[in-house]
Structure formats: structure tokens, C-alpha cells
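Colleague: In the working numbering, the protein residues as written are 1078 to 1187.
Even for Gly, the Cβ is constructed at its ideal location relative to N, Cα and C.
From a predicted model like this one, the values you see are computed outputs, not experimental measurements.
One structure coming up, written as C-alpha cells, with questions to follow.
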């Protein structure tokens, strides 16, 4: 995780607590994709909330969203929308969410 962030942003960080796992299935251009997200707290003193992080790799873009706007921004995987909201409200339960067995619908089809 530390290496990935350093490669993507060029900044040091520390990896904190394990938050959980989110499996996700989605369709893009009539092709079904699946992913597994292992999620951790990450602490980076070089990041500022008033400035979007600048990616080193040209195919990446990073930006901040307010936790209340995750639905409006169509954050994917969509289970993160309520998991992050719960986390911001103080819930520290380990995450386990999956969309793999669900039917594809407007939430996970492009």
C-alpha cells in the first residue's frame, strides 16, 4: 500500500487499520468485470483537504469529495457510499460488502 501511494502520488504515508473488503461486479461496454478491494486507513501528512492530490502517473486522477456527496458523484464501487458515511459517523465495524451475486442494474452498469 505504501509503495502504491508513493508510486501514484510521490508522497510518503503510513498504513493504518484494516477497514474491510468490498467485492464488486460491474459492466462496461457489455463486458462484465469483477474486483476485490482491500481497504485500509492511510495517513499522509503531505496531503491537504483544500488541494486535490496530483498524480504522478498520467492515467490517474485524484480529487476530494465531501462524504455527503458520494451518491451524487456516483462513487464506485457503490457499497463504499454507505460504508464511508458510516465510518464518518463513527462506525468502526469491519466492512464486508459484495455486489458479485447481485444482478447488474443502473448502479453498476455503464
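If we ignore side chains and look at the alpha-carbon of each, how far apart do residue 1134 and residue 1122 end up?
Modeller: Within the chain shown, numbered from 1, the residue matching residue 1134 stands at position 57. Within the chain shown, numbered from 1, the residue matching residue 1122 stands at position 45. Approximately 20 Å between the Cα atoms of the pair.
Colleague: Note down the Cα distance separating residue 1151 from residue 1174, rounded to an integer number of angstroms.
Modeller: Reading the chain shown from its first residue, position 74 is the one you call residue 1151. Reading the chain shown from its first residue, position 97 is the one you call residue 1174. Taking the straight line from one Cα to the other gives about 17 Å.
Colleague: Cα separation between residue 1179 and residue 1144?
Modeller: Residue 1179 sits at position 102 when you count from the first residue of the chain shown. Residue 1144 sits at position 67 when you count from the first residue of the chain shown. Answer to the nearest angstrom: the Cα atoms are 25 Å apart.
Colleague: In whole angstroms, what is the alpha-carbon distance linking residue 1078 and residue 1127?
Modeller: Stepping through the chain shown from its first residue, residue 1078 is reached at position 1. Stepping through the chain shown from its first residue, residue 1127 is reached at position 50. If I take the Cα positions, the gap works out to 23 Å.
Colleague: Under three-state DSSP, which class holds residue 1157?
Modeller: Mapped onto the chain shown, residue 1157 falls at position 80. Helix, per DSSP.
Colleague: Just reading off the alpha helix (DSSP H) that residue 1080 is part of, what are its end residues?
Modeller: Position 3 of the chain shown, counted from the start, is the residue given in the question as residue 1080. Start and end: 1079 to 1086.
Colleague: Can you give, in chain order, each stretch of the beta strand (DSSP E) that sits fully within the stretch 1096 to 1131 and has at least 3 residues?
Modeller: Complete beta strand (DSSP E) runs here, min 3: 1108 to 1120.
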